[in-house]
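J.:
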Amino acid sequence: MNVVTRRHWHKKTVYLKEYESPALLDLIENIDQLSCPVHYLKEGDTTTVMRVEVNDKTWVIKKYNLINMWSRIKRALTLSRAARSWRFSFLLRCLEIKTPSPIAFIENAWGPFRKESYFISEYIPGVTALDYFSKFTSKEEEMIVMANKLLRQIKLLFQAGVTYGDMKASNFIINPEGVFFVDLEGMRRYKNSFLFKRAKMRDIKRFKKNWKEMPLCQEIFFSLT
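So for the sequence shown, my numbering puts the first residue at 137; every next one is plus one.
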């Protein structure tokens, strides 16, 4: 894996060499004023998610905003959310947990103080876990197979001492290739077993909350401990 890192006073850029092209470099240089076709998937105060078309390829850009001075100070001392997404993308791939392929991350800054950050990944078509499992009215084999794939990947995550931080059903995308984990910026890896167990229980509680109106899913997913 060949990673390119470029640092300037106002910007840090990291990307995979295999994706390097004039189109990617132009996207990075003009990340605040995109000229390519853009479809907004989410617009919020802290996060904006965009699907873009670049050289006949579809990518996703997640922009993380810092809304006040305290956020800027905090991010000066810790990883940006884009950098965290980048780091955990590679960890998940090492754990054989599916996640969209990372392409790059960018941090705008003023000296040591970070401003916006961006995480770029490949676009994975599919439906959310909630939409996928809600279509079943009985415990069909297809449902059980996919549910077990999801449970297996969650268990792999926990076995590595990692918690998700936000296990809502929309963060699991399902397509014929399997289950993909997205929105990784809340992930954390623990060395302290007590802190890990506490965070793991929060993850499990949030995961089970997804299925409170779906008895079929409860029968399968409530086995997670």
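Ideal Cβ placement from N, Cα and C applies to all residues, glycine included.
Taking only the alpha-carbon atoms, compute the straight-line gap between LEU406 and ILE242 and give it to the nearest angstrom.
T.: The requested residue 406 is not part of the displayed model; the chain covers only 137 to 361.
J.: State the start and end residues of the unbroken alpha helix (DSSP H) segment that holds LYS291.
T.: Taking the sequence shown and counting its residues from 1, one reaches residue 291 at position 155. 277 to 295 is the span of the alpha helix (DSSP H), which, as asked, contains LYS291.
J.: Pull up the distance between the alpha-carbon of ARG250 and that of ASP302, whole angstroms please.
T.: Working through the sequence shown from its first residue, we reach residue 250 at position 114. Working through the sequence shown from its first residue, we reach residue 302 at position 166. Roughly 24 angstroms between the two C-alpha positions.
J.: On a CA-only basis, which of LEU228, ALA240 and PRO236 is nearest SER157? Give me that one, please.
T.: In the sequence shown, counting from the first residue as 1, residue 157 sits at position 21. When only C-alpha atoms are compared, the closest one is ALA240.
J.: Which word fits TYR176, buried or exposed, when buried means at least 16 other C-beta atoms lie within 10 angstroms of its C-beta?
T.: Your numbering for residue 176 matches position 40 in the sequence shown. So TYR176 ends up on the exposed side.
J.: What's the call for MET137, buried or exposed, on a 16-neighbour Cβ count within 10 Å?
T.: Here residue 137 corresponds to residue number 1 of the sequence shown, with the count starting at 1. Result: exposed.
J.: Which residue comes first and which comes last in the beta strand (DSSP E) that contains VAL198?
T.: By one-based count along the sequence shown, residue 198 stands at place 62. The sequence as given places Lys at residue 198; Val does not occur at that position. Where LYS198 is concerned, the enclosing beta strand (DSSP E) stretches over 193 to 200.
J.: Can you list the alpha helix (DSSP H) stretches of 4 or more residues lying completely in the region 308 to 352, in chain order?
T.: With a minimum length of 4 residues, the continuous alpha helix (DSSP H) runs that stay inside the region 308 to 352 are 329 to 345.
J.: Roughly how many whole angstroms lie between the Cα atoms of ASN328 and ASP319?
T.: Counting from one through the sequence shown, the residue named residue 328 turns up at place 192. Counting from one through the sequence shown, the residue named residue 319 turns up at place 183. Cα to Cα, the separation comes out at about 24 angstroms.
J.: Report, in whole angstroms, the separation of the C-beta atoms of LEU360 and LEU287, which I expect to be a contact under 8 angstroms.
T.: Numbered from 1 along the sequence shown, position 224 holds the residue referred to as residue 360. Numbered from 1 along the sequence shown, position 151 holds the residue referred to as residue 287. At roughly 6 angstroms, the Cβ-Cβ gap stays under 8 angstroms, so LEU360 and LEU287 are in contact.
J.: The alpha helix (DSSP H) that contains SER270, what's its start and end?
T.: Reading the sequence shown from its first residue, position 134 is the one you call residue 270. Its alpha helix (DSSP H) spans residues 265 to 270.
J.: To test your reading of the DSSP string, which unbroken alpha helix (DSSP H) runs of 4 or more residues are found completely within the region 137 to 172?
T.: As far as the region 137 to 172 is concerned, its whole alpha helix (DSSP H) runs of at least 4 residues are 158 to 165.
J.: Per DSSP, ALA240 is paired with what?
T.: The sequence position of residue 240 within the sequence shown is 104, counting from 1. In the DSSP output, where bridge partners are listed per residue, ALA240 has TYR151 and ILE256.
J.: Roughly how many angstroms separate the alpha carbons of LYS285 and MET350, rounded to a whole number?
T.: Residue mapping note: residue 285 aligns to position 149 of the sequence shown, counting from 1. Residue mapping note: residue 350 aligns to position 214 of the sequence shown, counting from 1. Those two C-alpha atoms are separated by around 18 angstroms.
J.: Per DSSP, what kind of secondary structure is GLU355 in: helix, strand or coil?
T.: Residue mapping note: residue 355 aligns to position 219 of the sequence shown, counting from 1. Reduced to three states, the DSSP call for GLU355 is helix.
J.: On the three-pair Cβ rule with 8 angstroms, is the region 214 to 232 touching the region 290 to 300?
T.: Contact holds: three or more Cβ-Cβ distances are below 8 angstroms.
J.: Can you tell me whether MET186 is buried or exposed, with buried defined as 16 or more other CB within 10 angstroms of its CB?
T.: Taking the sequence shown and counting its residues from 1, the one referred to as residue 186 is at position 50. It is buried - the Cβ of MET186 has at least 16 other Cβ atoms within 10 Å.
J.: Using the three-state DSSP reduction, which class does LEU177 fall into: helix, strand or coil?
T.: Position 41 of the sequence shown, counting from 1, holds the residue named residue 177. LEU177 falls in the strand class under three-state DSSP.
J.: Rounded to a whole number of angstroms, what is the C-alpha to C-alpha distance between LEU160 and TYR254?
T.: The residue given as residue 160 occupies position 24 in the sequence shown. The residue given as residue 254 occupies position 118 in the sequence shown. Their backbone Cα atoms lie some 13 angstroms apart in a straight line.
J.: How far does the beta strand (DSSP E) with GLU189 in it extend, from its first residue to its last?
T.: Along the sequence shown, read from residue 1 onward, the residue named residue 189 stands at position 53. Element bounds for GLU189: 183 to 190.
J.: Enumerate in chain order the residues of its own chain whose CB-to-CB distance from LYS336 is below 7 angstroms, with the five nearest sequence positions on each side excluded.
T.: Taking the first residue of the sequence shown as position 1, residue 336 is located at position 200. Correct list, in chain order: PHE294 and THR299.
J.: Is it the case that the Cβ atoms of ASN346 and LYS304 are separated by a distance below 8 angstroms?
T.: Indexing the sequence shown from 1 puts residue 346 at position 210. Indexing the sequence shown from 1 puts residue 304 at position 168. The answer is yes: Cβ separation under 8 angstroms.
J.: Would you mind reading off the limits of the alpha helix (DSSP H) that contains ALA305?
T.: As a first step, residue 305 must be located in the sequence shown, where it is residue number 169. That residue, ALA305, is in no alpha helix (DSSP H); it is neither H nor E in DSSP.
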